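Heads up, the thing below is written out as structure tokens.
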Amino acid sequence: MYFDLDIQSGISQILPNVSTKTWGINQPFLGVTLRANKGDSVHVNVTNSLHKTTTLHWHGVKLPAKADGGPHQPIKPSAKWLSEFDIIQPAASLWYHSHQMHETGEQVYKGLAGMFIIDDENSQSLNLPSEYGVDDFPVIIQDKDFNQDGSMQYLSSMRDSMMGKKGATILVNGVINPVLKAKRSLIRLRILNSSNARIYQLQFDDNRPFKIIASDGGLLEKPITSKKFTIAPAERVEIVVDVADGSMPILKHHANHDSMSGMGGRGMMNEKKEFNIFQIDGSQAALSTATVVEKLSVHATYSREVAVQERLMTLQMNMGPQLMAAALFGSKDLLTINDKSMDMQRIDEVVKAGTVEVWTIKNDSMHAHPFHIHNVQFKVISREGGIKGHELGYKDVVLVHPDETVEVIMKFPNFSDANTPYMYHCHILEHEDRGMMGQFVVV
Ligand code: C2O
Ligand code: CU
Ligand code: CU
Numbered sequence: 001m002y003f004d005l006d007i008q009s010g011i012s013q014i015l016p017n018v019s020t021k022t023w024g025i026n027q028p029f030l031g032v033t034l035r036a037n038k039g040d041s042v043h044v045n046v047t048n049s050l051h052k053t054t055t056l057h058w059h060g061v062k063l064p065a066k067a068d069g070g071p072h073q074p075i076k077p078s079a080k081w082l083s084e085f086d087i088i089q090p091a092a093s094l095w096y097h098s099h100q101m102h103e104t105g106e107q108v109y110k111g112l113a114g115m116f117i118i119d120d121e122n123s124q125s126l127n128l129p130s131e132y133g134v135d136d137f138p139v140i141i142q143d144k145d146f147n148q149d150g151s152m153q154y155l156s157s158m159r160d161s162m163m164g165k166k167g168a169t170i171l172v173n174g175v176i177n178p179v180l181k182a183k184r185s186l187i188r189l190r191i192l193n194s195s196n197a198r199i200y201q202l203q204f205d206d207n208r209p210f211k212i213i214a215s216d217g218g219l220l221e222k223p224i225t226s227k228k229f230t231i232a233p234a235e236r237v238e239i240v241v242d243v244a245d246g247s248m249p250i251l252k253h254h255a256n257h258d259s260m261s262g263m264g265g266r267g268m269m270n271e272k273k274e275f276n277i278f279q280i281d282g283s284q285a286a287l288s289t290a291t292v293v294e295k296l297s298v299h300a301t302y303s304r305e306v307a308v309q310e311r312l313m314t315l316q317m318n319m320g321p322q323l324m325a326a327a328l329f330g331s332k333d334l335l336t337i338n339d340k341s342m343d344m345q346r347i348d349e350v351v352k353a354g355t356v357e358v359w360t361i362k363n364d365s366m367h368a369h370p371f372h373i374h375n376v377q378f379k380v381i382s383r384e385g386g387i388k389g390h391e392l393g394y395k396d397v398v399l400v401h402p403d404e405t406v407e408v409i410m411k412f413p414n415f416s417d418a419n420t421p422y423m424y425h426c427h428i429l430e431h432e433d434r435g436m437m438g439q440f441v442v443v
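When you number the sequence shown by our numbering, it's gap-free, plus one each residue, and the end is 443.
Pasting the structure below:
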């Protein structure tokens, strides 16, 4: 499978009367959807047509470190980068985005993000809604602020860079308030939260139930009927919605009390707590012949006993005097994992290829952090509030609430490279850019 990708800038019509300068991949804004099958050898030839150095990271993909597209694989303006890897994992809605050191937040905000869908024999045999653009849709959710002249407004305050940039306008696939005119009664939505920092609590305005069928790493073992779910930055949740009743449900974000607690909560007091995401118009939908069966996939599970190594990751936001110093001197070292801010020259952890590990992620701050690990899909094995919904599936990001501790178990693939690290980090992009990131090599 060969892909030619061109990272470019462009002009997009997002707001009614003004145009906006945007970035995209093979199009002016956001990236085209990539699709491959398990077993494929993927060759991606990336050209950077921007005036800025950037990278393209394959989020959620198990691959050799050199192909990962993290901060160690920068692509200079006019340069090319070839990334090659085999798809060794099951069907899933993965994604790709810029991972440029200290600039990921700004570059993803401008549009350097797209979906990467993997199919396999199992996913194709299930009779799930799977006709792209007909009953199977990517739903890339982002929130932005715009200036009067239509330009995007990125970090304009110290608060944004500490709490993460949240915008007052919600875009779905680059469009404000779109309506999906359903042609079939069963609609599959591959929802990706590609926002820099906002955590969404999603539900339909009529509170209708739907089926959650997949998490970050692919299909769940069995579907879960639900009326709402939480999706943190970088997470993916696939749902199947039935609109056979011909109605027009609106998918909404409604922040509950829970997510408003802690420091992030106080900062959000004067912020809108409810947004419409998009609407499905079921009035023209023909009865679907697709189904959601009770057995979607079989997961390999690892017990704690087979883990050869445990690691503790403590997430910290240094407030008080350090915050003052940072405000004065523009320090990037305010946010840490295990008391260290990201340093590209330092390897923090060394993992043995092909082994199982348990990582304990401890949030020592008053802000929620979605923690992400490259090159693996893990299972959450313990969390205070219990494990439910899409968190029962394979994950590559897990939301860790203030003062919470979460444990995950994973098997590292067999790729080894002592010289090229993978990243683990908070996926609030402003936190990542300001140091809440570390590096591991697999040997
Ligand atoms: Cu989604 Cu390190 O990235
Ligand atoms: Cu990643
Ligand atoms: Cu964070």
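Idealized CB from N, CA, C, for every residue including glycine. Predicted, not measured: the structure shown is a model, and the values here were computed from it.
- Query: Rounded to whole angstroms, how far is the Cβ of Val293 from the Cβ of Leu126, which I believe are closer than 8 Å?
  - Reply: Right, their Cβ atoms sit about 6 Å apart.
- Straight-line CA distance for Ala234 to Asp339? If you take the alpha carbons of Ala234 and Asp339, they lie about 24 Å apart.
- Query: Quick one, are the C-beta atoms of Ser185 and Val243 less than 8 Å apart?
  - Reply: A contact, by the Cβ cut-off of 8 Å.
- Chain-order list of residues whose beta-carbon lies under 8 Å from that of Pro249 (same chain, five-residue window excluded): Excluding residues up to 5 positions away in sequence, Phe204, Asp205, Asp206, Arg208, Val241, Val243, Gln279, Ile280, Gly282 lie with their Cβ nearer than 8 Å to the Cβ of Pro249 in the same chain.
- Task: Measure from the alpha carbon of Leu392 to the alpha carbon of each residue in Thr405, Gly164, Ile409, then state which is nearest.
- Result: Ranking the options by Cα distance to Leu392, first place goes to Ile409.
- Task: Could you work out which residue in Gly70, Ala92, Asp86 is closest to Gly217 when comparing CA atoms only?
- Result: Comparing Cα positions, the closest option is Ala92.
- Item | Residues whose Cβ lies closer than 5 Å to any heavy atom of ligand 4, in chain order | Ligand 4 is not part of the structure shown, which contains ligand 1, ligand 2 and ligand 3 as its ligands.
- Supposed close pair Ser151, Thr20 - CB separation, criterion 8 Å: Yes, they are in contact, since the Cβ atoms of Ser151 and Thr20 sit about 6 Å apart, within 8 Å.
- To the nearest angstrom, report how far apart Gly60 and Gln201 are at their CA atoms. As the crow flies, the alpha-carbon of Gly60 is around 22 Å from that of Gln201.
- Query: Going by the beta-carbon positions, is the gap between Phe440 and Asp348 smaller than 8 Å?
  - Reply: Yes; because the gap between Cβ atoms is below 8 Å, this pair is in contact.
- Should the stretch 37-54 be regarded as contacting the stretch 140-148, the criterion being three or more beta carbon pairs within less than 8 Å? No contact exists between the stretch 37-54 and the stretch 140-148.
- Since Lys411 sits in a beta bridge, which residues does DSSP pair it with? Paired residues: Val356.
- Query: Apart from the five residues on each side of it in sequence, which residues of its chain come closer than 7 Å, Cβ to Cβ, to Ser259?
  - Reply: Model confidence at Ser259 stands at a pLDDT of 47, short of 50, so the residue's coordinates are unreliable; what they give is reported in the following sentence. Excluding residues within five positions, the ones whose Cβ falls inside 7 Å are Ile199, Gln201.
- Is it true that the CB of Glu84 sits closer than 8 Å to the CB of Val134? Their beta carbons are not under 8 Å apart, which means Val134 does not touch Glu84 by this criterion.
- Unbroken beta strand (DSSP E) run spanning Arg434, endpoints: That residue, Arg434, is in no beta strand (DSSP E); it is neither H nor E in DSSP.
- C-alpha distance - Glu106 paired with Leu5, whole-angstrom precision: Whole-angstrom Cα-Cα distance: 20 Å.
- Message: Distance check for Ala67 and Val46, CA to CA, integer angstroms please.
- Response: Distance between the alpha carbons of Val46 and Ala67 is about 12 Å.
- Message: Which runs of the beta strand (DSSP E) at least 3 residues long sit entirely within the stretch 86-168? Give them in chain order.
- Response: Segments of the beta strand (DSSP E) lying fully in the stretch 86-168: 92-97, 113-119, 136-146.
- Message: So for Pro16, helix, strand or coil by DSSP?
- Response: Correct three-state label for Pro16: coil.
- Tell me whether Ala285 sits in a helix, a strand or coil according to DSSP, three-state version. Taken through DSSP and simplified to helix, strand or coil, Ala285 comes out as coil.
- Is the number of C-beta pairs between the stretch 219-229 and the stretch 387-407 that are closer than 8 Å three or more? These segments touch.
- Got a sec? Which residues, its chain only, sit under 7 Å from Thr225 by beta carbon, not counting five neighbours each side? Correct list, in chain order: Pro209, Lys211.
- Item | Ala234: CB within 7 Å of a non-hydrogen atom of ligand 1 | Ala234 Cβ: within cutoff of ligand 1.
- Task: Determine the DSSP secondary structure at Gly31, reduced to helix, strand or coil.
- Result: In this structure, Gly31 counts as strand in the three-state DSSP scheme.
- Item | Anticipated Cβ contact below 8 Å, Pro71 with Met115, distance rounded | Actually they are not in contact, since the Cβ atoms of Pro71 and Met115 sit about 22 Å apart, beyond 8 Å.
- Kindly list the residues whose CB is nearer than 6 Å to the CB of Tyr424, restricted to its own chain and excluding five residues on each side of it in sequence; keep chain order. Closer than 6 Å at the Cβ level, and outside the excluded window around Tyr424, lie Ile373, Gly438.
- Alpha carbon to alpha carbon, how far is Asn276 from Phe29? Roughly 21 Å separates the two Cα atoms.
- Quick one: measure Cβ to Cβ for Leu296 and Asn318, integer angstroms, because I've assumed they're closer than 8 Å. In fact, because the Cβ distance is near 43 Å, the residues do not count as touching under 8 Å.
- Which class does Ala67 belong to by DSSP, given the choice of helix, strand or coil? The answer is helix: DSSP assigns Ala67 an H, G or I state.
- Query: By how many angstroms is the C-alpha of Asn375 removed from the C-alpha of Val351?
  - Reply: Rounded to the nearest whole angstrom, the CA to CA distance from Val351 to Asn375 is 12 Å.
- Message: On the CB-based measure, 16 or more other CB atoms within 10 Å of its CB, does Ser123 come out buried or exposed?
- Response: Counting every other CB atom within 10 Å of its CB across the protein chains shown gives Ser123 a total of 16 or more, marking it as buried.
- Cα-Cα separation between His401 and Asn37, rounded to whole angstroms: Asn37 has its alpha-carbon roughly 35 Å from the corresponding atom of His401.
- Please name the residue in Phe229, Ala168, Gly39, Thr104 whose C-alpha comes closest to that of Ile387. Per the Cα distances, Phe229.
- Item | Contact test: Met248 Cβ vs ligand 1 heavy atom, cutoff 7 Å | When distances are taken from the beta-carbon of Met248 to the heavy atoms of ligand 1, even the shortest one reaches 7 Å or more.
- Query: Taking the alpha-carbon positions, what's the Asn419 to Leu63 distance?
  - Reply: So the two alpha carbons sit approximately 15 Å from each other.
- Query: In or out: Thr289 buried (at least 16 other Cβ within 10 Å) or exposed?
  - Reply: Its Cβ having fewer than 16 others within 10 Å, Thr289 is exposed.
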